[in-house]
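Data block below; observations after.
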Amino acid sequence: MKFELKTREDRMRAFKEIWRLVLNDVGNGRLPTYHILHIERDGTVDNHYMTPISLEPVDDKGNKAVWVQDFEFFLKLLLSLRKVVEVEYDHERPAVIFTYSEV
């Protein structure tokens with residue numbers, strides 16, 4: 003599922019749909035990664051990625067927790083950047099792929 007982000011409404015629609023898909027995958031034990039495809043002014047391209055989860059232990063046994071608020075925060079943050087011109091959800095990975103263009 004891919005969205006071009008030309009208007010505020012495009013960004014809101016993308017958030018609603020992608021957030022639903024993220025929650026579904028997290029609920030099924032699949033943790034999406036967030037990829038930023040960075041297109042620089044000179045045309046070079048690089049890729050940055052992260053999994054927005056807390057790696058701090060939540061108990062004495064050292065167990066980790068997944069906070070869906072982290073996924074939501076970074077999704078909202080990245081969608082608010084005007085240079086993010088496209089976002090795609092790849093269900094196979096799962097991954098949210100943001101295109102950040104400086105062109």
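The numbering of the sequence shown is the working numbering, which starts it at 3 and goes up by one.
Beta carbons: idealized from backbone N, C-alpha and C, even for Gly.
Just so it is clear, the structure is predicted and the values come from calculations on it, not from any experiment.
Shorter than 7 Å from the beta carbon of residue i to some beta carbon of chain B?
i          : result
residue 25 : No chain B is present in this structure, which holds just one protein chain.
Please confirm whether residue i and residue j have their CB atoms less than 7 Å apart.
i           : j          : result
residue 33  : residue 49 : no
residue 103 : residue 78 : no
residue 41  : residue 98 : no
Between which two residues does the beta strand (DSSP E) holding residue i run?
i           : result
residue 41  : 35–41
residue 103 : 97–103
residue 47  : 47–52
residue 92  : 86–92
residue 58  : Looking at the DSSP string, residue 58 is not in any beta strand (DSSP E), and its letter there is neither H nor E.
Going by beta carbon distance, what residues of the same chain come within less than 8 Å of residue i, once the five residues before and after it are set aside?
i          : result
residue 68 : 28, 33, 55, 56
residue 12 : 5, 6
With 16 other CB atoms within 10 Å as the buried threshold, where does residue i fall?
i          : result
residue 81 : buried
residue 60 : exposed
residue 89 : buried
Could you pull out every residue in the same chain whose Cβ sits closer than 6 Å to the Cβ of residue i, ignoring the five residues on either side in sequence?
i           : result
residue 101 : 39, 87, 88
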